[in-house]
Amino acid sequence: MSLFGYCLREARKSIGRNPFLSIATVFTAAIALLVLATFLLGAANLQNLAEFVERQVNVAIFLRDGVAPADRDSLKANVAGIAGVEEITFVSRETALQRLRDKFGENAALLDGIDEFNPLRDSLEVRVGSAAAVDLVAEAVKASPLVDEISYGKELVARLVSVTRALRLGILGLAGLLGLATLFLIQNSIRLSVFARREEISIMRLVGATDSVIRWPLVFEGIVLAAGGALVATLAVGVVYQWLWQAMGRNLAFLPVLPLAAVLGRVGGVVVLTGVVIGAAGALLAMRRWLRV
Amino acid sequence: MSLFGYCLREARKSIGRNPFLSIATVFTAAIALLVLATFLLGAANLQNLAEFVERQVNVAIFLRDGVAPADRDSLKANVAGIAGVEEITFVSRETALQRLRDKFGENAALLDGIDEFNPLRDSLEVRVGSAAAVDLVAEAVKASPLVDEISYGKELVARLVSVTRALRLGILGLAGLLGLATLFLIQNSIRLSVFARREEISIMRLVGATDSVIRWPLVFEGIVLAAGGALVATLAVGVVYQWLWQAMGRNLAFLPVLPLAAVLGRVGGVVVLTGVVIGAAGALLAMRRWLRV
Amino acid sequence: MIEFRNVSKVYDHNIRALAGVDFRVGKGEFVFVVGPSGAGKSTMLRMVYREELPSEGQVFVEGRDLARLRAASVPYLRRGIGVVFQDFKLLPSRTTFENVAFALEVTGARSYEIKRRTTQALELVGLRGRQRAYPHELSGGEQQRTSLARAVVNSPKILVADEPTGNLDPQTGRQLMQYLHNISLMGTTVLVATHARSIVDEFQCRVVRLERGRIVRDDQRAGYFGPLSACADGEEV
Amino acid sequence: MIEFRNVSKVYDHNIRALAGVDFRVGKGEFVFVVGPSGAGKSTMLRMVYREELPSEGQVFVEGRDLARLRAASVPYLRRGIGVVFQDFKLLPSRTTFENVAFALEVTGARSYEIKRRTTQALELVGLRGRQRAYPHELSGGEQQRTSLARAVVNSPKILVADEPTGNLDPQTGRQLMQYLHNISLMGTTVLVATHARSIVDEFQCRVVRLERGRIVRDDQRAGYFGPLSACADGEEV
Ligand SMILES: Nc1ncnc2c1ncn2[C@@H]1O[C@H](COP(=O)(O)OP(=O)(O)OP(=O)(O)O)[C@@H](O)[C@H]1O
Ligand SMILES: Nc1ncnc2c1ncn2[C@@H]1O[C@H](COP(=O)(O)OP(=O)(O)OP(=O)(O)O)[C@@H](O)[C@H]1O
Ligand SMILES: [Mg+2]
Ligand SMILES: [Mg+2]
Numbered sequence: 200m201s202l203f204g205y206c207l208r209e210a211r212k213s214i215g216r217n218p219f220l221s222i223a224t225v226f227t228a229a230i231a232l233l234v235l236a237t238f239l240l241g242a243a244n245l246q247n248l249a250e251f252v253e254r255q256v257n258v259a260i261f262l263r264d265g266v267a268p269a270d271r272d273s274l275k276a277n278v279a280g281i282a283g284v285e286e287i288t289f290v291s292r293e294t295a296l297q298r299l300r301d302k303f304g305e306n307a308a309l310l311d312g313i314d315e316f317n318p319l320r321d322s323l324e325v326r327v328g329s330a331a332a333v334d335l336v337a338e339a340v341k342a343s344p345l346v347d348e349i350s351y352g353k354e355l356v357a358r359l360v361s362v363t364r365a366l367r368l369g370i371l372g373l374a375g376l377l378g379l380a381t382l383f384l385i386q387n388s389i390r391l392s393v394f395a396r397r398e399e400i401s402i403m404r405l406v407g408a409t410d411s412v413i414r415w416p417l418v419f420e421g422i423v424l425a426a427g428g429a430l431v432a433t434l435a436v437g438v439v440y441q442w443l444w445q446a447m448g449r450n451l452a453f454l455p456v457l458p459l460a461a462v463l464g465r466v467g468g469v470v471v472l473t474g475v476v477i478g479a480a481g482a483l484l485a486m487r488r489w490l491r492v
Numbered sequence: 200m201s202l203f204g205y206c207l208r209e210a211r212k213s214i215g216r217n218p219f220l221s222i223a224t225v226f227t228a229a230i231a232l233l234v235l236a237t238f239l240l241g242a243a244n245l246q247n248l249a250e251f252v253e254r255q256v257n258v259a260i261f262l263r264d265g266v267a268p269a270d271r272d273s274l275k276a277n278v279a280g281i282a283g284v285e286e287i288t289f290v291s292r293e294t295a296l297q298r299l300r301d302k303f304g305e306n307a308a309l310l311d312g313i314d315e316f317n318p319l320r321d322s323l324e325v326r327v328g329s330a331a332a333v334d335l336v337a338e339a340v341k342a343s344p345l346v347d348e349i350s351y352g353k354e355l356v357a358r359l360v361s362v363t364r365a366l367r368l369g370i371l372g373l374a375g376l377l378g379l380a381t382l383f384l385i386q387n388s389i390r391l392s393v394f395a396r397r398e399e400i401s402i403m404r405l406v407g408a409t410d411s412v413i414r415w416p417l418v419f420e421g422i423v424l425a426a427g428g429a430l431v432a433t434l435a436v437g438v439v440y441q442w443l444w445q446a447m448g449r450n451l452a453f454l455p456v457l458p459l460a461a462v463l464g465r466v467g468g469v470v471v472l473t474g475v476v477i478g479a480a481g482a483l484l485a486m487r488r489w490l491r492v
Numbered sequence: 005m006i007e008f009r010n011v012s013k014v015y016d017h018n019i020r021a022l023a024g025v026d027f028r029v030g031k032g033e034f035v036f037v038v039g040p041s042g043a044g045k046s047t048m049l050r051m052v053y054r055e056e057l058p059s060e061g062q063v064f065v066e067g068r069d070l071a072r073l074r075a076a077s078v079p080y081l082r083r084g085i086g087v088v089f090q091d092f093k094l095l096p097s098r099t100t101f102e103n104v105a106f107a108l109e110v111t112g113a114r115s116y117e118i119k120r121r122t123t124q125a126l127e128l129v130g131l132r133g134r135q136r137a138y139p140h141e142l143s144g145g146e147q148q149r150t151s152l153a154r155a156v157v158n159s160p161k162i163l164v165a166d167e168p169t170g171n172l173d174p175q176t177g178r179q180l181m182q183y184l185h186n187i188s189l190m191g192t193t194v195l196v197a198t199h200a201r202s203i204v205d206e207f208q209c210r211v212v213r214l215e216r217g218r219i220v221r222d223d224q225r226a227g228y229f230g231p232l233s234a235c236a237d238g239e240e241v
Numbered sequence: 005m006i007e008f009r010n011v012s013k014v015y016d017h018n019i020r021a022l023a024g025v026d027f028r029v030g031k032g033e034f035v036f037v038v039g040p041s042g043a044g045k046s047t048m049l050r051m052v053y054r055e056e057l058p059s060e061g062q063v064f065v066e067g068r069d070l071a072r073l074r075a076a077s078v079p080y081l082r083r084g085i086g087v088v089f090q091d092f093k094l095l096p097s098r099t100t101f102e103n104v105a106f107a108l109e110v111t112g113a114r115s116y117e118i119k120r121r122t123t124q125a126l127e128l129v130g131l132r133g134r135q136r137a138y139p140h141e142l143s144g145g146e147q148q149r150t151s152l153a154r155a156v157v158n159s160p161k162i163l164v165a166d167e168p169t170g171n172l173d174p175q176t177g178r179q180l181m182q183y184l185h186n187i188s189l190m191g192t193t194v195l196v197a198t199h200a201r202s203i204v205d206e207f208q209c210r211v212v213r214l215e216r217g218r219i220v221r222d223d224q225r226a227g228y229f230g231p232l233s234a235c236a237d238g239e240e241v
């Protein structure tokens, strides 16, 4: 009789014998992991949102008057090579004036007189992937003789950087805390279930069961129950997320929400893994308390 | 011997007799309520943030040329009476041109030629308390003969309204779900603790204990344990929040974060109340299962 | 006091523990129930304090049909019946003292009264010295005596004892049986299921013998009319 | 086989359960341990399978000092010792069959072997028909017999029985005691704590009498040298 087969049979039988305990444990695990899963989904989306917002940051490099097209192209190539730069476009002073005119809209007539002495400058518009890249770009071109001025909403970038950094830190911290809470809840629940069977365990020991004959079926059972909880949680969260996603798509299409497929794999994986590890750890910890010779 | 005194003594003794069960229950309750409390704090802040953003919404009511100051003041008074209007200011066309000049900044010279034929109009600037009030204002003044045009970034307001509505709905939904989860966790934990004592309960019945002699001490104990968990949770969340608030104040001063004093009372109250109700309900539900004649 | 009318009991798996049992016990009677293991003795006793209900027939205690008793009245019935359980049924997280006191606490007795009577009952079974011990710290016989002390502590009208001397040495067993006999002389109805033949022979009381769920003998032994024997005091209900 | 050297046991609250017990049991010997309730009989038996360790002195089983046994070896010691517990100690969520089979399962026996021997053991104690019942569905005597079946199912070298007939009628009790006696004739060392004087008298084996934790008598009764008595086969260790 192999130990694994024995564990499997015993865990199955034991779950059948104590359906109440088993269901209570599965549901506790499911709820704890549901909270974790919800949070992970929210975190993934916040992260995505932060990146999306950061991608809106542009840097404008205003060029001095009369820069030769060749010089300008080499500068453009230089900047394009900087990590984090996603797109770089040349905007001539004529285009810039047209844009200003568009912005004025109904008041565009105001600009009518200034066509011949256009006071605007040629510029390179840089789109960056993250707020952090802005500094790199500024640093790189600041000294160039071609460059008149760099404009990038310093303050906005600084805020964005600190907001997203705080967000990431917060998410990490919260994930850690929630992970701990989940661990504690599941472990607690498995310990209670082992506690409810402490008499049984002590009897088993008295009739000659080794530690492993008692331990492994219980650990196995802990894993099965916690994993069951994890699956329930993943399923529930997936269904709700999909539903919310569709609702959001209809009403709030401008917000970038990750599709289910992009996140469920990762989140589900983390949740099930957490469940399994915690289930095993919970059972082992529980027994350290109640298994004494 | 009064029933209440008896319950008190029995609950105290019983907690002393089963310290492991009691501690496990308190901690489960604390963690479940900690999650709820964290969420409530977050929700209060999001709500606050949404209100803060909404307060940034302005409506500009452009007046026809040559409106008499008396008519204009009566319109102003009318608008000021609308629910949700927080402030209303008259902006003359001269002030408006000055503002435009300020906005142009270095390019203000562009506007030099237009001083004498100022194309701008007099306007009333309305600051509203919520995005929803914008529509009320627009509705109220649209028909007035004094009014030339109303401008309020229709799209932005629509987005804001739907975002904040979604946020509120989401928060309400999540709060409901988390409340349910909390209820389930605590109840489960108390049920497990009653389950572990089902032998004891059946013996008590056999020696003539009435339902109430068995039930009320257990309910009382459930309340005490859950309330203990709630206090632990409130304390923990308060300390962490205070610490975060100080950290945020240093780094992200522009974000409006509620001070601890403004939220702890409400959140703590909700958490403790939830704990007590759930503790009692959990014990009662648990016993419905194990108390049979 | 107690009457069984054509009582049958069928458990799960179609196990027939009692089959058509008819029997009456008068106030103050002292009755031994004997029979081989599995004959249905405990089942019969459990019906008296309504732990089990008959599958067929009726059980009356003090004239009340137990099957028709409201659930809320069951605790009050049980307070009038002291029970020594075959497996003791002590509360594991309470001391010997607390276990015995519990039977008084549920009746709402005053605390000095609880203290006095509990101490007395423990004295009687010789466990004063062990009153702070928890059940798992007691020997088998000590647990059994605790169960007995709890059964008699609130002076019940009926006493049901299931194998109350199985874990006691013959001498202690005989002493306690003598005590049960004495309280039946004072008007308590006593039902004792036992295997201890020597004790049964010695007391010469009414003996009901069960076999496979049926009463196969119901004897009034010699001494039934003896002056000092409780057996003589039995009145029919 | 078993040797107690000056063993004392002091429990919490300063309860002295054994005081300087010296005693040896040879292979195949059959020994009754008697004495009043609380004398220390169960404590003594519990030391043989190392549920308790002595506070002072040493206990040897097959030459090994139990206090110095590694924790990991304890299960193997216990598999060689069948125990009938005074309070049965059946696993509440397993059937009669599974309870008995469990003692074989832990040894890693093959499943057809488990089935065969479990069935045999249940047959022996007369519980074949109740093998699917859970402990709470068994009568007191049936539980006790299940505990006995589990103790003998893996043919242990030592058998320890604590009050194994307390819940049995005299006839069944005598039969099972006869069976224990027989297995001691086949080389198993048997230690029985009991209050059943009639059985002790009948078997005329070695009787150890405990009182207040001390051995006050250790008799080889008449019949010790009789040809059919296991008592005759005792060899000193
Ligand atoms: N775990 C324990 N903790 C404290 N005291 C104990 C413990 N186990 C037994 N005792 C005490 O030790 C003494 C001897 O107990 P033991 O169980 O050995 O008696 P016994 O001879 O088996 O009695 P019985 O015939 O009633 O079963 C008793 O007074 C008992 O109360
Ligand atoms: N809860 C139950 N479910 C199923 N069968 C039961 C239940 N309780 C008792 N039985 C069965 O009913 C029969 C009678 O049991 P009972 O306990 O009345 O016997 P008893 O005369 O007290 O025996 P003992 O002397 O061994 O205690 C037995 O065969 C037993 O297995
Ligand atoms: Mg019985
Ligand atoms: Mg004992």
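Residue numbers (this note's numbering), protein chains in the order written: chain X, 200 to 492; chain D, 200 to 492; chain B, 5 to 241; chain G, 5 to 241.
The beta-carbon is built from N, C-alpha and C at its ideal position, and this holds for glycine as well.
Collapsed DSSP secondary structure at residue i in the structure displayed
i	result
B:Phe64	strand
B:Gly86	strand
X:Ser322	strand
B:Asp91	coil
X:Ala426	helix
G:Gly44	coil
G:Glu55	coil
G:Thr193	strand
D:Ser392	helix
C-beta neighbour in chain B for residue i, strict 8 Å
i	result
G:Glu127	no
is_contact[residue i, chain X] using C-beta, thresh 8 Å
i	result
G:Arg210	no
G:Val87	yes
G:Phe36	no
Among the options, nearest to residue i - alpha-carbon criterion
i	options	result
D:Gly369	D:Leu245, D:Pro416 and D:Val466	D:Leu245
G:Met48	G:Leu195, G:Asp173 and G:Phe207	G:Leu195
Minimum Cβ-Cβ distance from residue i to chain G less than 8 Å
i	result
B:Ala153	no
Whole-angstrom distance between residue j and residue i, CA atom to CA atom
i	j	result
B:Val104	B:Arg154	4 Å
D:Ala210	D:Val412	11 Å
B:Asp222	B:Phe36	10 Å
G:Asp237	G:Leu73	The pLDDT assigned to G:Asp237 is 45, lower than 50, so where the model puts this residue is not dependable; a value taken from the coordinates is nonetheless given after this. Going from the Cα of G:Asp237 to the Cα of G:Leu73 covers about 29 Å.
B:Arg68	B:Lys31	15 Å
B:Ala76	B:Ser12	25 Å
X:Leu457	D:Arg487	45 Å
Test: residue i CB closer than 8 Å to a CB of chain D
i	result
X:Asn257	no
Check each residue's C-beta against every heavy atom of ligand 6 and list, in chain order, those closer than 6 Å. As presented, the structure is devoid of ligand 6, carrying ligand 1, ligand 2, ligand 3 and ligand 4 as its sole ligands.
Three-pair Cβ contact test at 8 Å for the region 97-115 of chain B versus the region 129-142 of chain B: yes
Specify whether the region 89-101 of chain B and the region 149-166 of chain B touch according to this definition: at least 3 beta carbon pairs, one from each stretch, less than 8 Å apart. yes
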